[in-house]
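Below: the structure, in structure tokens.
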Amino acid sequence: MPYGCASARRGRGTNMLNDQEFSDYCRSISLTGEALEYVERVRTGNPSRMVGARAISNVIGFVPSAKMGFSVSAESRMPERAFITLCEYDHRILEFWDQPDPIRIQIKDKKDRLRSIWYTPDYLVLTLSGVRAVEVKDEISCSELCARGSYNWRKCGERYEYYPAKKAFSEVGVQHEVFVYRHETKYKISNIESILSARQSPRYDSSGAEKVKRYLSENVWMSLYDLKEAVGLESFCELVQMIDDGVMIGDLDGSLISSPRGFLVSLQDAYLEQGIKVLKERRPFSTAENVSIDMGLAPSAGRAKQALSRLERIDSGEKSRSTRRWITQIQEGEKLGLTRFQSLLPEYHKSGNRKNKAPDYVLRFLDDYLRSEHCAKRGLSEYRSYIAYKSLARQRHPNVAPVSRTTFRKYLAMVPGDYIGYQRGGRRMSNAMSSATPVLYRGLKTSYAWRTAAVDHYYADIYIVIFNGGDYVFAARPTITGIIDLYSGAVLALSLSLLPPSRKTIAKALRDCVRRHGKLPSELIVDRGAEFKSVYFASLLADLGITLSLRPSAHPRFGGEIEGLFGDFKKMWLVNRPGNTADYKEVRSVDRKFSPERDAVLRPYDFYRELVAFMDWRNAKPVSPGGGSPIYLLNQGQRDFPYIAKKVSIDQEFLIATSVDSKRYKFDPIRGIHIGEMHYWSPELALLGGKNARVEVRPDAENPHLVYAGVNNHWVSCQSARIHEYLTLDPIGQHVHALEVIDALKDKRAIKEQADESLVAIIREMDSLAEHSEIPALTIAPQIEAGSDQDIFSRIRNSRVEPLAVEAWRDQR
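Just remember that the numbering used here sits 192 ahead of the position in the sequence shown, which is counted from 1.
Structure follows, in structure tokens:
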């Protein structure tokens, strides 16, 4: 069935079927037996596999689904994400389940032998017409699979089918289909995503719809921008909802809602088609095609100059062998439909003998050498590799000389870069050296503010002071976590920590974003670090309705936007601050007394203040192609499309949700919960009973004097005794206070331990001085009689005083 062709207006807001609705559905499509058992297993079980476990270059995602009520996984950013979007939009699709249970199928291998394997379809879809097991592929992959053999993959008209899976599922009683993603649908997918986001906003009133109909009746067709201005709307949200409800129609297949001046709307299909035709005729460019035109139709200036010179000599009546040859060229060119000018263009690009002079076995040995010896030796230069090749070639074919260095370079360039990279540096280097994807096959860049943001960490190239001992200091390198909007390039949030990247640093960055803007992006794209793949992070984003996308590991071409932010901070700011390590080579070449940590003067408060100042400066810097600053594009996008971002409030529910799970702690009914160097108390803790009881605790991500304890199925706030002092700090002071109290706790313990060791050394030194010195000793005579009334002064006068050895003092100087 063609997915996504029908609007989901009648099915808006519905979740998956309940038990009674599912029973009625099964009866309506006559679903029984093994097929019913399979569907029930899928509906009641978990996904059979984790997506992205073997992904090399795919961006996997977990997309919140309003129809299903939970996040649905996508193993590719374009084909499977597009399929999820269409399923969410199409009212004929009731449910869609990712990674259903696998079944056994019979395939043919490369040697044309039947093999039995386990096969997992990408999705199980419950439609109004029946149950479908769906395999999602892009059109290029389907064409390549069909070219390998006719048994497994087949093309039937415009459709593709995976015959082994189709046969196996037909025996179960379920129909198998292949959803083919075509790159021409990228505009439609983007527009449908915008429509689905607009459904979460408040609805328009009927008077607005009548006004829109009146304007479109008068103008036949209008751009979305002109219609918004005519109606007097503040944003495009209501107009997008009207397109969703069928009040008007728009060019969903060929234009973008995010470019409202070029997105036409009308009341009738015929009018819209005519408007699109007129718009395309007026555009300088309407399509992006791969063009290949003979150089004769567009010659270079040098070739054109020579052709004109030849024409002048012919027209001047010159009689020579050259002019006679050129006249013959003109006559032959006329037979091919060429002009006089085109016939006389010199064809230097066709000169030279392009046939290989070296024998085939010489070229085969060269190719074998390049793919084995050359690729295996890491760091081997092209020149040294050629010298090694010549030595081996003389041994392999002594009667034929090795190829020239020019030929060597030519064949070296023919070896795929990703193959060389994998042999020399593994998957990361292979990805870095691989060829770029053709532009026409790439996905659309993010075209909405707050649609997609990147999150990453940066181990800052600077030392900041975390403890001052008077005549000495202790310094550490902070970790910066940033969130950047991919459309505008604006920095949305930053957080600072003295600990390695963790779930806590992410939570602090998310809080900072909500505190600054009152919203979060609808999608966060991150790397595959442990903190981003944690259950905590995935469940937090799912609860907020945010899509989680994981970019491929060991792929340096992803994440350039957030890396660019950190690179700018390093090159434009850190190099001017004391204690920086921005120039690694310089740091390695200086004496120990000039090392960066010895020059550290910035404290966490100062560094955080400078970090915020840099963020504000960068957001206001006019570097965007459209002529506006990042913060201008961010705010403009928010005004035009306010429904894209996820509105979030800093309330107690959000604060508890962003507090990272910890563990169960013992608590004292008198002093409270003891964590680190502080005790936390709440009157509700007294309800837990006796001593040594354990309670589940979530430390707050920012406030070191606040934790949340689980008491009688409720999270209860518990504070330390210093909470009142913390509340009086300024905003920056509160941000960095946790660094000094919690993040630097391990360092402070090490500092304290070092100080205690110094105390032991001092005591030993004093003992040594006392051992080698003659110190005067005063021996007080004991009291003779218990009842004696002799006072202390009389006893001292009767005591024996030993002489002082003053020479010992002189020796100790």
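Yeah, the Cβ is synthetic: ideal placement off N, Cα and C, and Gly gets one too.
Look up residue 788 in the DSSP assignment and say whether it is helix, strand or coil.
-> Confidence in residue 788 is poor, its pLDDT being 48 and thus under 50, which makes the residue's placement unreliable; the coordinate value appears in the next sentence. It is helical.
For the region 905-969, which segments carrying the beta strand (DSSP E) assignment without a break, of at least 3 residues, lie completely within its bounds, in sequence order?
-> 906-911
Identify which residue in 861, 808, 632 has its Cα closest to the Cα of residue 481.
-> 632
Could you please give the first and the last residue of the uninterrupted beta strand (DSSP E) stretch that includes residue 859?
-> Annotation for residue 859: the continuous beta strand (DSSP E) segment containing it runs 856-860.
Of the choices 924, 885, 865, 906, whose alpha-carbon is the least far from that of residue 897?
-> 865
If we ignore side chains and look at the alpha-carbon of each, how far apart do residue 776 and residue 767 end up?
-> With a pLDDT of only 44 at residue 776, under 50, the local geometry of the prediction cannot be trusted, and no value is derived from it.
Could you check if residue 681 is buried or exposed, using at least 16 other CB atoms within 10 Å of its CB as the buried criterion?
-> buried
Taking the Cβ atom as the reference point for each residue, do residue 906 and residue 918 lie within a distance shorter than 8 Å?
-> Residue 906 places its beta carbon 8 Å or farther from that of residue 918.
Neighbourhood of residue 535 by C-beta distance below 6 Å, restricted to the same chain and skipping five residues each side = 521, 522, 525
Cα-Cα separation between residue 564 and residue 263, rounded to whole angstroms | 46 Å
Option in 745, 713, 940 with minimal Cα separation from residue 389 | 713
Give the DSSP-derived three-state secondary structure of residue 454 in the structure shown.
-> helix
Beta strand (DSSP E) runs wholly inside the region 199-277, at least 3 long, in chain order | Contiguous beta strand (DSSP E) elements confined to the region 199-277 occur at 252-256, 263-266, taking only those with 3 or more residues.
How long is the line joining the alpha carbons of residue 518 and residue 528, rounded to whole angstroms?
-> Going from the Cα of residue 518 to the Cα of residue 528 covers about 15 Å.
Tell me where the beta strand (DSSP E) around residue 715 begins and ends.
-> DSSP places residue 715 in the uninterrupted beta strand (DSSP E) bounded by 715-718.
Nearest-angstrom Cβ-Cβ length linking residue 901 and residue 850, presumed shorter than 8 Å | Contact doesn't hold; Cβ gap of about 17 Å is too wide.
Could you work out which residue in 214, 238, 407, 410 is closest to residue 322 when comparing CA atoms only?
-> 214
Between the Cα of residue 319 and the Cα atoms of 305, 279, 465, which residue gives the shortest distance?
-> 279
Flag this pair as touching only if the region 217-229 and the region 696-703 have three or more C-beta atom pairs under 8 Å; answer yes or no.
-> Note that the region 217-229 does not touch the region 696-703; fewer than 3 beta-carbon pairs, one per stretch, sit closer than 8 Å.
Pairing CB atoms from the region 437-452 with CB atoms from the region 372-387, are three or more of them under 8 Å?
-> yes
Residue 547 - DSSP class collapsed to helix/strand/coil | coil
What does a CB cutoff of less than 8 Å around residue 939 pick up in its chain, not counting 5 residues either side in sequence?
-> Short of 8 Å from the beta carbon of residue 939, and not among the five residues preceding or following it, lie these beta carbons of its own chain, in chain order: 658, 659, 666, 668, 690.
At least one CB of chain B closer than 8 Å to the CB of residue 221: is that the case?
-> Checking the listed chains, one finds no chain B in this structure; it contains a single protein chain.
Quick one: is residue 381 buried, meaning 16 or more other Cβ sit within 10 Å of its Cβ, or exposed?
-> buried
Is the region 323-331 close to the region 366-381, with three or more CB pairs under 8 Å?
-> yes
Okay, do the region 629-644 and the region 746-765 touch, 3+ Cβ pairs below 8 Å being the bar?
-> When C-beta atoms of the region 629-644 are compared with those of the region 746-765, fewer than three pairs fall below 8 Å, so the two segments do not count as touching.
Measuring CB to CB, does residue 614 end up less than 8 Å from residue 584?
-> no
Member of 532, 269, 233, 822 whose CA lies at the smallest distance from the CA of residue 678 = 822
Output the boundary residues of the beta strand (DSSP E) element that contains residue 319.
-> 315-319 is the span of the beta strand (DSSP E), which, as asked, contains residue 319.
Buried versus exposed call for residue 508 [16 or more other C-beta atoms within 10 Å across all chains shown] | exposed
Whose C-alpha, out of 711, 421, 899, is nearest the C-alpha of residue 827?
-> The candidate whose alpha carbon is nearest that of residue 827 is 711.
Fully enclosed by the region 452-536, which alpha helix (DSSP H) runs are 4 residues long or longer?
-> 461-474, 493-507, 513-527, 532-535
Residue 289: first and last residue of the uninterrupted beta strand (DSSP E) it sits in = 285-290
Find out if the Cβ-Cβ distance for the pair residue 379, residue 368 is shorter than 8 Å.
-> Cβ distance not < 8 Å, so residue 379 and residue 368 don't count as in contact.
Quickly, what does DSSP pair residue 739 with across the bridge? List them, please.
-> 715
Determine, using beta carbons only, whether residue 315 and residue 295 come nearer to each other than 8 Å.
-> no
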